[in-house]
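Straight run, no breaks: the sequence shown in the numbering used here ends on number 430.
Yeah, the Cβ is synthetic: ideal placement off N, Cα and C, and Gly gets one too.
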Amino acid sequence: MLPPRLSRRSRRKAGQKAVLARQERARVKEEIASGEKFFFELFADERKSIKRMKLVDLLQSVPGIGRIRADLIMDRAEISSSRRIGGVGKRQLEILRQEFLLAKNSPRNGKLLVVSGPSGVGKSTLTNRLRDDDRFWISVSATTRSKRIGEKDGVDYHFVSDKEFDQMIEKNEFLEWANFAGAKYGTPRKAVDKALASGKNVVLEIELNGARQVRKNSKDAVLIFIEPPTWEELKSRLEKRGTESEDSTQTRLDRAKEELSAASEFDHVIVNHQVADSVAQLVSLAIR
Ligand code: 5GP
Numbered sequence: 143m144l145p146p147r148l149s150r151r152s153r154r155k156a157g158q159k160a161v162l163a164r165q166e167r168a169r170v171k172e173e174i175a176s177g178e179k180f181f182f183e184l185f186a187d188e189r190k191s192i193k194r195m196k197l198v199d200l201l202q203s204v205p206g207i208g209r210i211r212a213d214l215i216m217d218r219a220e221i222s223s224s225r226r227i228g229g230v231g232k233r234q235l236e237i238l239r240q241e242f243l244l245a246k247n248s249p250r251n252g253k254l255l256v257v258s259g260p261s262g263v264g265k266s267t268l269t270n271r272l273r274d275d276d277r278f279w280i281s282v283s284a285t286t287r288s289k290r291i292g293e294k295d296g297v298d299y300h301f302v303s304d305k306e307f308d309q310m311i312e313k314n315e316f317l318e319w320a321n322f323a324g325a326k327y328g329t330p331r332k333a334v335d336k337a338l339a340s341g342k343n344v345v346l347e348i349e350l351n352g353a354r355q356v357r358k359n360s361k362d363a364v365l366i367f368i369e370p371p372t373w374e375e376l377k378s379r380l381e382k383r384g385t386e387s388e389d390s391t392q393t394r395l396d397r398a399k400e401e402l403s404a405a406s407e408f409d410h411v412i413v414n415h416q417v418a419d420s421v422a423q424l425v426s427l428a429i430r
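Okay, structure coming up:
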């Protein structure tokens, strides 16, 4: 059966209602952000437009609670990310109050540092140097590519099958993920959230598309691009590395050109002349 056709007047009315609801929602977010309204007041608000707001969106408007903290609170309170204000039960509200208090009183989150740049530029060497510094936590990505000699599962990467990776995507377990040179790579969200909430500076060593996703979703992230001193040097490093097939080395070189032209999208650029200098620059960007 076809849905009943709305008259022009009803359509106009519905349109006006939707605009009004959007305005109400935007106003409430502003009131929460400015501290004019207290977050928990909204659960007693009878307006339909407010009841239909997503809890996670509203949480992010609270000063001091960004996207990552909001996700963490929802996760710990075991509330689904699609839950709307009107659907939060009494018991969930109580858990939310406790989590909320905990988050507001806990020490500040660490910084989310994204280290990106073309394959072969030396990103892993730089980030590995930060492993012994307990102000930092280096994220371990999941990947579908095969293990190289010397790499350890759970240390260099979580090596997973295509099927496992796809299941992780479906369950929304990645902060970001991307295809690179014929394999998939992704940052597991939970471990990152946990490390940030414990006050660590979290380092993601990821390629360009992943960095762009982080930029979109985490406004506070610091994006750092590592550049080679010259193109020739990058080429020779990649060729000498000898860990890839000829095909993969060529794919990586092609990708490197694309990545290099995106350096201006980043907050900072470090030219990797000397490892020690570059590491010092990285540290100073995190500890400011
Ligand atoms: P490799 O195969 O050389 O270890 O990594 C290939 C590329 O994937 C590198 O540029 C590396 O930074 C990037 N990469 C590693 N882990 C991740 C991840 O979790 N997400 C994304 N987007 N890129 C990653």
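Would you give the residue range spanned by the alpha helix (DSSP H) that residue i belongs to?
i    : result
K171 : 150-176
L201 : 197-203
V421 : 417-428
S258 : Careful: S258 lies outside any alpha helix (DSSP H), inside the beta strand (DSSP E) at 254-258.
A212 : 209-218
F307 : 304-312
K294 : Premise fails: K294 is in no alpha helix (DSSP H) and is neither H nor E.
S191 : 190-193
Which stretch, first to last residue, makes up the beta strand (DSSP E) that contains residue i?
i    : result
F180 : Per DSSP, F180 belongs to no beta strand (DSSP E) and is neither H nor E.
I412 : 410-413
Comparing the CB of residue i with every heavy atom of ligand 1, is any distance shorter than 8 Å?
i    : result
E318 : yes
A363 : no
A333 : no
P260 : yes
G352 : yes
K305 : no
K171 : no
T329 : yes
S266 : yes
Going along the chain, which residues of its own chain have a beta-carbon closer than 7 Å to the beta-carbon of residue i, five neighbours each way excluded?
i    : result
I280 : T269, L272, R273, V345
T267 : V417
R218 : E241
Do you know offhand how far residue i's Cα is from residue j's?
i    : j    : result
V263 : G328 : 20 Å
A404 : D396 : 14 Å
T440 : E369 : The displayed coordinates of the chain run from 143 to 430. Any statement about residue 440 would go beyond what the structure contains.
R233 : S224 : 18 Å
R287 : R194 : 42 Å
F180 : R164 : 20 Å
R388 : N343 : It should be noted that the sequence gives Glu, not Arg, for residue 388. Computed Cα separation, rounded: 36 Å.
R209 : G177 : 18 Å
F301 : K382 : 24 Å
M216 : A323 : 35 Å
Spatial neighbours of residue i within its chain, please: C-beta separation below 6 Å, excluding the five flanking residues on both sides.
i    : result
L317 : T329, R331, V334
K358 : none
N351 : A320
A212 : V198, L201, Q202
Whose C-beta lies closer than 8 Å to the C-beta of residue i among residues of the same chain, with five residues either side of it excluded?
i    : result
K348 : The sequence shown places Ile at residue 348, rather than the Lys named in the question. Contacts found: V256, V257, S258, S283, E318, A320, Y327, T329, V356.
V297 : V282
A175 : S203, V204, P205
Establish whether the CB of residue i and some CB of chain B are separated by less than 9 Å.
i    : result
R164 : Among the chains of the structure shown, chain B does not appear; only one protein chain is present.
Item to check | Inside the region 265-290 only - alpha helix (DSSP H) runs reaching at least 4 residues | outcome: 265-270
Next on the checklist: Which complete beta strand (DSSP E) runs does the region 319-387 hold, if anything under 3 residues is left out?
Outcome noted: 325-330, 343-347, 364-369
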